[in-house]
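Visitor:
In this note's numbering, the protein residues as written are -3 to 454.
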């Protein structure tokens, strides 16, 4: 039997402190996380919130029961980036988004992320968005201008609370060349006109997707980005829910605008009771950028490293801290998984108290991983599997390692010959050094009685 489960504490961006998490309804714990905009392959930075909130999803299921956790991760499939990419490739918008979504789902499944309870596509919730927009206009929280519908930021008394910015500060930082139809520089778009005229979303490469507009606007249009998440979360989780997550870059303006739209539509004081945000990822000490040549997709990294190695590397840094993505860190994680695979087994065991306490303290995965280093057998495997690691048998892991290891047989043979020469000269320190070098390359050697040496990939 497991220990008495510890209180779950989560850092709330809204209050800027760790708080004991108490769900609005323990029979229906609800979490919403902003998902991908499906116009291109997801990069390794996109994998961080996917893995972070997958671990939280697993922990919530452990604490409250699998049937009592409702996790929504949306898909943005209507966006100007999507329009531009479809036009660039000369394909329909739907063809682009269907193909990119399929690749995304394959990538995150390969990372051993559980499938969310719901994965809604924005284009399936257009009616819900239009309904919210019309309610906002009727309550004078939004207005119509030049065939656009805009949210009036001045109508929201607490706007800026999540990002801890005053309205005056935000206005001072607004662009000078604000669109003429805006009443205030901070007002943001809920709906905008499109070039399409169909009653359904159009997807050829010469038009923008368009639907009949709300508020009796005659020109077909499409939603702004922010209203999409408000509509989907409300439809699937309710007017108020437990946890809203995403990357730090979404705090402002996206999440700030979500709160404004949702609270003003439903007359509620909050949208989610806990707001959680993960830190950024940089490649070898630099911001990831195609122009710098250090841009890597999830698929790129999966081609070079096993999924467990990628997950462990992500989780060795606390989710709220920045993470430096390096080959050295990946290599260290691979060696750790090698050790854990050798030490674990399928025996029945309870979860470690120290491991659970660490996870319950705002998902302190670095501390939880330090607890894993002290475990073995079934306890090690059970705890590791709770955060999505050690899903493979030892035989499966060995096969994965072999397929992910690029073996330079000539270099290995040269090192083995050098080691045999060192042993013949009784230079055992050099012999040991070469053995260690081979081990670091993922090569295990065995000396035969006839004086030869056999090698294999670990």
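C-beta atoms are modelled at their ideal positions from N, C-alpha and C, and glycine is treated no differently. All figures in this text were calculated on a predicted structure; none of them were measured in a lab.
Mark residue 264 as exposed unless 16 or more other C-beta atoms lie within 10 angstroms of its C-beta, in which case mark it buried.
Guide: Exposed, by the Cβ-count rule.
Visitor: Tell me where the beta strand (DSSP E) around residue 274 begins and ends.
Guide: Run containing residue 274: 268 to 274, per the beta strand (DSSP E) assignment.
Visitor: Assign residue 382 to one of three DSSP states: helix, strand, or coil.
Guide: If DSSP states are grouped into helix, strand and coil, residue 382 belongs with the helices.
Visitor: Leaving out five residues on either side along the sequence, give the residues of the same chain with a beta carbon under 8 Å from the beta carbon of residue 270.
Guide: Excluding residues within five positions, the ones whose Cβ falls inside 8 Å are 6, 8, 10, 15, 17, 238, 239, 240.
Visitor: Kindly confirm or deny that the segment 371 to 390 and the segment 406 to 425 touch, where touching means at least three C-beta pairs closer than 8 Å.
Guide: Verdict: no, contact absent.
Visitor: So, helix, strand or coil for residue 199, using DSSP?
Guide: For residue 199, the pLDDT reaches just 43, beneath the cut-off of 50, and the residue's location in the model is therefore unreliable, although a value from the coordinates is still provided. Reduced to three states, the DSSP call for residue 199 is coil.
Visitor: Which residue marks the beginning of the alpha helix (DSSP H) containing residue 424, and which one marks its end?
Guide: Counting along the chain, the alpha helix (DSSP H) containing residue 424 begins and ends at 424 to 436.
Visitor: Just the C-alpha distance for residue 257 and residue 115, rounded to the nearest angstrom, thanks.
Guide: Going by the C-alpha atoms only, they are around 21 Å apart.
Visitor: Grouping DSSP H, G and I as helix and E and B as strand, with all else coil, what is residue 166?
Guide: In the structure shown, residue 166 sits in a helix (DSSP, three-state: H, G or I).
Visitor: Taking the alpha carbon of residue 29 as the point to measure from, which residue in 3, 448, 243 has its own alpha carbon closest?
Guide: Measuring from the Cα of residue 29, the nearest candidate turns out to be 243.
Visitor: Is residue 184 helix, strand or coil when you go by DSSP?
Guide: Note: residue 184 maps to strand in three-state DSSP.
Visitor: Given this structure, state the Cα-to-Cα distance separating residue 310 from residue 60, to the nearest angstrom.
Guide: Between residue 310 and residue 60, the C-alpha separation is close to 25 Å.
Visitor: CB of residue 353 to nearest heavy atom of the ligand GDP: below 6 Å?
Guide: No copy of the ligand GDP appears in this structure; indeed no ligand is present at all.
Visitor: From residue 427 to residue 450, what does the alpha carbon distance come to, in whole angstroms?
Guide: Rounded to the nearest angstrom, the two C-alpha atoms are 15 Å apart.
Visitor: Helix, strand or coil for residue 40? Go by DSSP, reduced to three states.
Guide: Correct three-state label for residue 40: helix.
Visitor: When the distance is taken between beta carbons, is residue 187 closer than 7 Å to residue 145?
Guide: Contact: yes.
Visitor: Helix, strand or coil: which one does DSSP assign to residue 314?
Guide: Note: residue 314 maps to coil in three-state DSSP.
Visitor: Helix, strand or coil for residue 8 per DSSP?
Guide: Residue 8 falls in the strand class under three-state DSSP.
Visitor: Going by beta-carbon coordinates alone, are residue 384 and residue 108 separated by less than 7 Å?
Guide: Yes, these two residues count as a Cβ contact at 7 Å.
Visitor: Could you please give the first and the last residue of the uninterrupted beta strand (DSSP E) stretch that includes residue 237?
Guide: Unbroken beta strand (DSSP E) run through residue 237: 237 to 243.
Visitor: Spatial neighbours of residue 128 within its chain, please: CB distance less than 6 Å, with the 5 preceding and 5 following residues excluded, ordered by chain position.
Guide: So the list reads 227, 261, once near-sequence residues are dropped.
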